[in-house]
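Contents: one structure, followed by commentary.
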Amino acid sequence: MTDTTDDIAEEISFQSFEDDCKLLGNLLNDVLQREVGGQFMDKLERNRLLAQSASNMRLSGIEDMAELLEKQLASEISKMTLEEALTLARAFSHYLNLMGIAETHHRVRKGRNVTHLSRSCDDIFNQLVQGGISPNDLYNTVCKQEVEIVLTAHPTQINRRTLQYKHIRIAHLLEYNDRPDLGHEDREMLIEDLMREITSIWQTDELRRHKPTPVDEARAGLNIVEQSLWKAIPHYLRRVSNALKKHTGKPLPLTCTPIKFGSWMGGDRDGNPNVTAKVTRDVSLLSRWMAIDLYIREVDSLRFELSMNQCNDRLSRLAHEILEKETSSEDLHESRNQSLSRSQFKLHGQQAPSLPTQLPARADLPACTDYNDGGSQYPKLEFPRTDYMPLSRQDGQGSSSSEISSKDSSENLRKLLANGSVSNSNGSQSAVTPRGSFSSGQLLAQRKLFAESQIGRSSFHKLLEPSSSLRPGIAPYRIVLGDVKEKLMKTRRRLELLLEDLPCEYDPWDYYETTDQLLEPLLLCYESLQSCGAGILADGRLADLIRRVVAFGMVLMKLDLRQESGRHAETLDAITRYLDMGTYSEWDEEKKLEFLTKELKGKRPLVPPTIEVAPDVKEVLDTFRVAAELGSDSLGAYVISMASNASDVLAVELLQKDARLAVSGELGRPCPGGTLRVVPLFETVKDLRGAGSVIRKLLSIDWYREHIIKNHNGHQEVMVGYSDSGKDAGRFTAAWELYKAQEDVVAACNEFGIKVTLFHGRGGSIGRGGGPTYLAIQSQPPGSVMGTLRSTEQGEMVQAKFGLPQTAIRQLEIYTTAVLLATLRPPQPPREQKWCNLMEEISKISCQNYRSTVYENPDFLAYFHEATPQAELGFLNIGSRPTRRKASTGIGHLRAIPWVFAWTQTRFVLPAWLGVGAGLKGVCEKGHTEDLKAMYKEWPFFQSTIDLIEMVLGKADFPIAKHYDEVLVSESRRELGAELRRELMMTEKYVLVVSGHEKLSENNRSLRRLIESRLPYLNPMNMLQVEVLRRLRCDDDNKQLRDALQITINGIAAGMRNTG
């Protein structure tokens, strides 16, 4: 859990938190004593005590003594050997991670123990009803709410997934340790388990040795679904439903879910050449495969639960139809069994028996235990296994496509999960003896082939159980769910063949393509149980499965595509030049719009099939082709980064239309699903200022407006970017420009009677627009959140907010209640125009100050490279995409994540506050101090902006930032660092003036105390990083020094509780 999540402001029990920290710390000490020896442990403890004493002195205001102790600590660290420095870095890094686990655990514990949880559905629904909202309005608003949380692969998750899983296991053990009924022997066994986990962590390499592929990143997102969200969604929806029933008298409809999930993992190609059209296709199919695999497990458990015979007429008729179909199928298999040779079987997919033959995992446990158990509810995701391999042909040629073994297919799918790539199996064929002269080994192989073939399995099942059609009083629910499982298994097998690029000839009636197809038999079972007086059964595991199908659909998370606007212009350049129409990008905006609109109204394809283009252009065209093949059933939005004109949107619409025409012509039928909604992303300050005008221009075009009404239900989606606007103009100016842009976009859509959904591209850190979800949503402009919202969750925030089912449930509730409040009780606008004028003035001064430092000071770039580990961040293998959009050393082309990441490491966190102090000072000196205090008290947007800056200032550390400068920065540039530190102090002063607080984080004492508790481990990590950087810059090929640096980066990220 990071400091920017919502529950940090709520008090936690520090006694129990400190007890757990002490327990984990002592166990780590025991492990280290055994692993590195007592002599080194004495040195480690000495460094910790020096850091602790220095921190205590500084907190007590005894600055001179603190500085003396810090210099002594720096001196001790500078004398360490490389091996000692590496070990110290690892030890303190693990200490900080263990403290983070304890913090998360205690927030979970608090949520479980309190009777009235603030910002829960029960709390907010009650507030709204008591405040005059009618129960009917509340019910309708909740049911119509559409929130989508989009998980992204932005490279800010520093920990390897292996270590994340070990951390989760420690959290589960801490939860078990809270049980009051734990006996002495049980507690001793628990301590041993903790010791084993910590030993395992210490002996595991904490560094990623290879960059993840885009498929690796997508797999990490799917793992979050499996380990947490899959369990959290039914519990979250039960909470919503129970609260609705309590306050409105009506539960949440079974097929209604206020929250769904999207993903950019495998679809975000902006500046990332590793995300190709094939990657997008593979990730989308893999996501479908996993959804089906999870549904198969659930249906297995459900078949055991629904063993009753009584049902309504509709279900009875369906069950008899299935039995008749199975009987005719068995007769067919009998005839095949007598006519086919044993050496010529083909695998057509498994046939699930109507009756389960073995108990699925956890089928004996009630559904309420699904997320409270310490372990995973399900086994790790593994692809289906079949061990037979068809014999190779004597002539050495590969098998025909229909004889490709299931093992090859599944093995390659496992490689896709393991390595991020798929390859067909064209390995060398082993020599075989001529047919008719089998060796005993080959005979066994043939027998095994028969046993695992369709006919062999059918015969084997007949021995296990009689034909279900011959048994009177058969359980109808089991028959129907058995048929559901059979179709799901065929669906899964079909997806495996598609992923392998193998021929796939399945009857559409044999597999599920859409969510509605899967829901139909489940809802029929639900209605039957309800009509037969078994509602208590219907509302258990079956209702949970239905809710999962509604929330996750057939794809778990719909995949967005994202590409930079310039790449589309390059593609149209190639097309218009090929057609001798000139160069598209050289036309003015009006000519572009005229050309695009004309082509969009036409019915013929624009791109000739014979066109030859550069690889970059071909990749864009291939992406649109994949989008046409997959359609809106699998994909979400097409996001255009760096959008600045209406033509940017129409260009994508045209390329999309053209690809769909080409694909449907080849298929001889319409493309699946509908067209993707096209979403402009406004990122820079200049583009944010023009966002409203672009939307007005778009909606004034008849074709586009009619297209939105017809194909997207009259909904326009617009994305606003927090990261690049902050890097462009500073955090304060970015916040104000984002606020105004949202107001303007909403007004533009209202003028044309079009509904708008705002998509917030928020980062994890405050410097990139991060912050508590609740606070962020509640401070949006009035009218900008009207029951709909999309928002990204990035990098380490995904694991922090959704890594455990309990924290995920809490976050989903917070999203729901915040959007509900913003819809029914919109936040207050500025009380008077004067407040907006003051914001303009603060923003103007702040932006000038920020840009004069970052972009106009000739020494700043060199200072940035010297004072931070920015250049060395490239050693970290935490993301598949490059750190820069283009090959340039300037700040402009550096991505926002490494920009913020580097300053977070030095504890200066400059991007989040630079310019703010100058802006506030300029307005205060003109006599507006009281106005600013009133704005802070009465205007939610201004208050949240100041509070977030205050939170960042509380984590900034003047002495540590100064230490980086003194050791690493050239003497000629140290004055720039001193000037920036003076500005930090000035910002702190004026933020406190406006907020009325005496000291930073006064309104968040828990946060302040948590930060202070980390300092004895965090401060030495920073000093160690400075020393390692000093040595590395003199010996930049030293791999051990690089390892030591990466470990300090990991440790500081753990201590700061965020990265970029």
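Counted the way full-length UniProt numbering counts, the sequence shown spans residues 1 to 1060. Here a beta-carbon is modelled for each residue, glycine too, at the ideal position from N, C-alpha and C.
Could you check the C-alpha separation between residue i and residue j for me, to the nearest Å?
i, j, result
"Lys710", "Lys755", "13 Å"
"Ser995", "Gly977", "27 Å"
"Arg1042", "Ser16", "38 Å"
"Arg119", "Val916", "30 Å"
"Leu523", "His715", "29 Å"
"Leu758", "Val283", "26 Å"
"Lys22", "Ala102", "10 Å"
"Asp633", "Asp702", "27 Å"
"Leu775", "Val819", "11 Å"
"Pro212", "Ala218", "10 Å"
"Arg209", "Arg974", "35 Å"
"Leu1032", "Arg109", "43 Å"
"Glu206", "Glu83", "16 Å"
"Asn1019", "Gly535", "59 Å"
"Leu992", "Val555", "48 Å"
"Phe942", "Tyr722", "16 Å"
"Ser664", "Pro670", "5 Å"
"Leu1045", "Leu163", "19 Å"
"residue 1123", "Leu222", "What is shown of the chain runs 1 to 1060, which leaves residue 1123 out entirely."
"Ser287", "Glu513", "14 Å"
"Gly540", "Gln530", "12 Å"
"Ser410", "Leu497", "Confidence is the limiting factor: at Ser410 the pLDDT is only 49, short of 50, which leaves the residue's position unreliable and the question unanswerable from this model."
Assign residue i to one of two classes, buried (16 or more other C-beta atoms within 10 Å of its C-beta) or exposed (fewer than that).
i, result
"Glu192", "exposed"
"Val746", "buried"
"Lys487", "buried"
"Lys166", "buried"
"Arg1057", "buried"
"Lys592", "buried"
"Gln811", "buried"
"Asp64", "exposed"
"His760", "buried"
"Leu667", "exposed"
"Asn837", "exposed"
"Gln203", "exposed"
Checking the sheet assignment: what are the DSSP bridge partners for residue i?
i, result
"Val991", "According to DSSP, which records beta bridges pairwise, Val991 is partnered with nothing at all."
"Glu983", "Paired residues: none, contrary to the question."
"Asp268", "Arg562"
"Glu793", "Leu151"
"Tyr638", "Leu561 and Val678"
"Leu758", "Val718"
"Glu751", "Its beta-bridge partners do not exist; DSSP assigns none."
"Glu599", "Answer by DSSP bridge pairing: none, since Glu599 is not bridged."
"Glu146", "Thr788"
"Leu650", "In DSSP, Leu650 forms no bridge with anything."
"Leu1007", "Bridge partners of Leu1007: none, in fact."
In the DSSP assignment, the alpha helix (DSSP H) including residue i goes from what residue to what residue?
i, result
"Met65", "Glu63 to Ser78"
"Gly714", "Where Gly714 is concerned, there is no enclosing alpha helix (DSSP H), given that its DSSP letter is neither H nor E."
"Gln517", "Thr515 to Ser531"
"Glu813", "Pro805 to Leu824"
"Lys999", "Segment: none, Lys999 is in no alpha helix (DSSP H) and carries neither H nor E."
"residue 1070", "Past the boundaries of the shown model lies residue 1070; the chain is included only from 1 to 1060, so the question cannot be answered."
"Phe860", "Phe860 to Ala867"
Just reading off the beta strand (DSSP E) that residue i is part of, what are its end residues?
i, result
"Ser970", "That residue, Ser970, is in no beta strand (DSSP E); it is neither H nor E in DSSP."
"Gly262", "Ile259 to Ser263"
Compute every distance between the C-beta of residue i and the non-hydrogen atoms of the ligand ADP, then say whether any falls below 7 Å.
i, result
"Met951", "Here there are no bound small molecules, and the ligand ADP is not part of this structure."
**Study point:** the segment 259-270 / the segment 603-613 touching (three or more Cβ pairs under 8 Å)
**Key:** Contact fails: fewer than three Cβ-Cβ distances are below 8 Å.
Check your understanding: Counting Cβ pairs, one atom from each stretch, are 3 or more of them under 8 Å apart for the segment 145-153 and the segment 837-849?
Key -> Counting C-beta pairs closer than 8 Å gives fewer than three between the segment 145-153 and the segment 837-849, which falls short of the contact rule.
Check your understanding: Just checking, does the segment 136-144 make contact with the segment 70-86 on the three C-beta pairs under 8 Å criterion?
Key -> In short, these stretches do not touch, since the Cβ pair count stays below three.
Review point. With a cut-off of 8 Å, do at least 3 Cβ pairs link the segment 1002-1013 to the segment 30-49?
Key: Segments in contact, no.
Exercise for review: Mind the definition here: the segment 574-590 touches the segment 306-319 only if three or more C-beta pairs lie below 8 Å; say whether that holds.
Suggested key: Under the 8 Å Cβ criterion, the segment 574-590 does not count as touching the segment 306-319, having fewer than three qualifying pairs.
**Study point:** Three-pair Cβ contact test at 8 Å for the segment 51-67 versus the segment 21-39
**Key:** Judged by pairs of C-beta atoms under 8 Å, the segment 51-67 does not touch the segment 21-39, as fewer than three such pairs exist.
Check your understanding: Does the segment 819-835 touch the segment 777-790, meaning 3 or more C-beta pairs lie closer than 8 Å?
Key -> Output reads yes: the segment 819-835 touches the segment 777-790.
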